[in-house]
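Working notes for the structure below.
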Amino acid sequence: MTTFADLGLSPKVLSAVTDSGYTIPTPIQAGAIPPALARRDILGIAQTGTGKTASFVLPMLTLLEKGRARARMPRTLILEPTRELAAQVAENFEKYGKNHKLNVALLIGGVSFDEQDRKLERGADVLICTPGRLLDHCERGKLLMTGVEILVIDEADRMLDMGFIPDIERIAKLIPFTRQTLFFSATMPPEIQKLADRFLQNPERVEVSVRSSTATTVTQRLVATHSKDYEKRATLRDLIRAQEDLKNAIIFCNRKVDVADLFRSLDRHGFSVGALHGDMDQRSRTTMLANFKENKLTLLVASDVAARGLDIPDVSHVFNFDVPIHAEDYVHRIGRTGRAGRSGAAFTLVSKRDGKFVDAIEKLIDRKVEWLNGGLDALPPQAEGEEREQRSRSGRERGGRDRDRSRGRKGEARVTETRPAPGIETSETEEKVEAVKAERKTEGRPQTPARSNPRAANHAAPRPANDDNRDRRNRYRRDDDDGPTPLGFGDEIPAFMLIAGKA
DNA sequence: AAAAAAC
């Protein structure tokens, strides 16, 4: 059997791999590392979770041992579609490059240029970038791409989805033709094949069989729910509470606003929860993800920014608060659980309007997904009159709240809006809520760098010593948030009441 | 019915 020692990696790299506890390479690693070390171009067709990252990090480390970086002339360049993936690759260089003295620069948006400039000035051996920030650096004239020996294009099909291909082509034009190119994609549609033909010279094609993302280790269920947001939130809470073996979970929403709303709701209901979407400032994104990985947060509400590629081992549950519009996103989302042969559970909330998206998913994964609770026909019917009443009432309260608080004076600390969730340190919770909510407000507007952002100061603002109005306001907000609250049950309403009460 | 990525 092939071991890492058979692949031709340098002793320094091999020792770091061994220290990490690995002896047997995955198929993509065994297939890609030897030709990469021989300076061949690689066309790698592999999903995330197949060990793809190490298949280019390890040979790059070995090849980089010869030679030295010069100021502003990076030696290698890795392109990633999201900031989190870029950061994850950088972590891999830290881990496997611990015996090297390499200068690794992470060039991503949303953070200050200063530190990135310093690293470039020192001479970077490895640049790990999202396309926009790299081009920005290039345009500022701080970067000479003529010394790049190895170019890695990761997640090419996703870059295509996201409209990054023109950027990638611009970047590739700046890099000498004599470079070595490592090109990875999970799928090979014709457009990607054309791109690969343009970028690669006589590549070694390494294809690993598609990891069956809907493997039997993941239990999948559809969960019927009414379609109003507060009804879906109630269904979700009941579902979460009903899980006996929930260690941690990612909850996916289709839209960023819904990520922010659901996060606030769960936080208010006392769940240990974080949020992750692309309009949050980078500092919050990084902290949220780190806290979730370290199990300081049990739940992570996320947009599809977290659906692909993120390596979070050991997620026990995935909940789809919304049915994904594109079926392939379903596969990526539930692929966050059941990793490395572990068991996992994936629940998808389905309301009447989601029918055709569920059909598309079942067609793609070529099987029916069972209903948890008997399907949409088994849902207790809604009482029309009550629904109308509730809608108008919550509308009034929402309006009142906006006038009272959300449009507070400029610069006024808004931290008092949040009740601390049990078991979470107060300031931390408030900071999280502020971060997720503040970013919602910036939607559609140009982003302000965190440094000069007046809102950033709010994160550190102390809570006023006594805030007598808080309780009253929370009572209103609760109704507004989750529909009518039956009187007399306090905070804990039995799940069946919330459903049966509407019948 | 969306998300992501530069400022």
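For what it's worth, the working numbering labels the leading residue of the first sequence as 6, then goes sequentially. The beta-carbon is built from N, C-alpha and C at its ideal position, and this holds for glycine as well.
{"Check": "Would you mind reading off the limits of the beta strand (DSSP E) that contains L187?", "Outcome": "Q185 to S190"}
{"Check": "Once you ignore the five residues that flank F297 on each side, which residues in its own chain have a CB closer than 6 Å to its CB?", "Outcome": "G279 and L305"}
{"Check": "Over the uninterrupted alpha helix (DSSP H) stretch that includes I366, give me the two end residues.", "Outcome": "G360 to I370"}
{"Check": "For the alpha helix (DSSP H) containing G161, list its first residue and its last residue.", "Outcome": "Note on residue identity: the sequence assigns Ala, not Gly, to residue 161. Looking at the DSSP string, the run of the alpha helix (DSSP H) that includes A161 is A161 to D166."}
{"Check": "Ordered along the chain, which non-local residues of its own chain (more than five positions away) have a Cβ less than 6 Å from that of L1?", "Outcome": "Outside the modelled stretch of the chain, which goes from 6 to 508, sits residue 1, for which no answer is possible."}
{"Check": "So does the stretch 199 to 210 actually touch the stretch 8 to 27, counting three or more Cβ pairs closer than 8 Å?", "Outcome": "no"}
{"Check": "For the stretch 116 to 124 against the stretch 170 to 189, do three or more pairs of beta-carbon atoms, one drawn from each stretch, fall closer than 8 Å, so that the two count as touching?", "Outcome": "no"}
{"Check": "Return yes when the Cβ of G102 is within less than 8 Å of the Cβ of L66, no when it is not.", "Outcome": "yes"}
{"Check": "How would you label T292, buried or exposed, when you count the other beta carbons within 10 angstroms and need 16 or more for buried?", "Outcome": "buried"}
{"Check": "My parser needs the beta strand (DSSP E) runs of 3 or more residues fully inside the stretch 230 to 296; what are they?", "Outcome": "254 to 257 and 278 to 281"}
{"Check": "Write down the C-beta distance between C143 and A91 rounded to the nearest angstrom, noting that I regard them as a contact closer than 8 Å.", "Outcome": "About 16 Å; that fails the 8 Å criterion."}
{"Check": "Pick from F61, D266, S15 and D166: whose alpha carbon is nearest that of N97?", "Outcome": "F61"}
{"Check": "Taking a contact to mean a Cβ-Cβ separation below 8 Å, would you say I176 touches L84 in this structure?", "Outcome": "yes"}
{"Check": "Which residue wins for smallest C-alpha separation from K368, given the options W376, K357, R347 and H331?", "Outcome": "H331"}
{"Check": "On the DSSP bridge assignment, give the partners of A351 in chain order.", "Outcome": "Q225 and V323"}
{"Check": "With 16 other CB atoms within 10 Å as the buried threshold, where does T342 fall?", "Outcome": "buried"}
{"Check": "Over what stretch of residues does the beta strand (DSSP E) that includes R210 continue unbroken?", "Outcome": "E209 to E212"}
{"Check": "Does the structure place the stretch 350 to 361 close enough to the stretch 223 to 234 that three or more beta carbon pairs sit under 8 Å?", "Outcome": "yes"}
{"Check": "Within its chain, find whatever has a CB closer than 8 Å to the CB of A129; leave out the 5 residues flanking it on each side and keep chain order.", "Outcome": "A74, P79, R80, N108, V109 and A110"}
{"Check": "Should F182 go down as buried or exposed, given a rule of 16 or more other Cβ atoms within 10 Å for buried?", "Outcome": "exposed"}
{"Check": "Along the alpha helix (DSSP H) that carries T151, what are the first and last residues, could you check?", "Outcome": "Where T151 is concerned, there is no enclosing alpha helix (DSSP H), given that its DSSP letter is neither H nor E."}
{"Check": "Let's test the definition: count the other Cβ atoms within 10 Å of the Cβ of P136 and tell me whether it reaches 16, buried, or not, exposed.", "Outcome": "buried"}
{"Check": "Distance, Cα to Cα, R44 vs Q185?", "Outcome": "6 Å"}
{"Check": "What residue range is occupied by the uninterrupted beta strand (DSSP E) comprising A110?", "Outcome": "V109 to L112"}
{"Check": "Return the bridge partner residues of V374 from the DSSP annotation.", "Outcome": "Paired residue(s): none; V374 is not in a bridge."}
{"Check": "Let's see if you can read the secondary structure: which residues bound the beta strand (DSSP E) around A307?", "Outcome": "L304 to A307"}
{"Check": "Quick one, are the C-beta atoms of T8 and I29 less than 8 Å apart?", "Outcome": "yes"}
{"Check": "Anyone know if the C-beta pair for S321 and A295 falls short of 8 Å?", "Outcome": "no"}
{"Check": "Which full runs of the beta strand (DSSP E) of 3+ residues lie inside the stretch 10 to 57, going along the chain?", "Outcome": "47 to 50"}
{"Check": "Is DSSP giving R203 helix, strand or coil here?", "Outcome": "helix"}
{"Check": "What separation, rounded to the nearest whole angstrom, lies between the Cα atoms of L42 and L14?", "Outcome": "8 Å"}
{"Check": "Would DSSP call M6 helix, strand or coil?", "Outcome": "coil"}
{"Check": "Using 10 angstroms around the beta-carbon of G26, count the other beta-carbons present and answer buried if the total reaches 16, otherwise exposed.", "Outcome": "exposed"}
{"Check": "Tell me whether P385 is buried or exposed, calling it buried when 16 or more other Cβ atoms sit within 10 Å of its Cβ.", "Outcome": "exposed"}
{"Check": "Locate the beta strand (DSSP E) running through L82, then write down its first and last residues.", "Outcome": "T81 to L84"}
{"Check": "So for L132, helix, strand or coil by DSSP?", "Outcome": "strand"}
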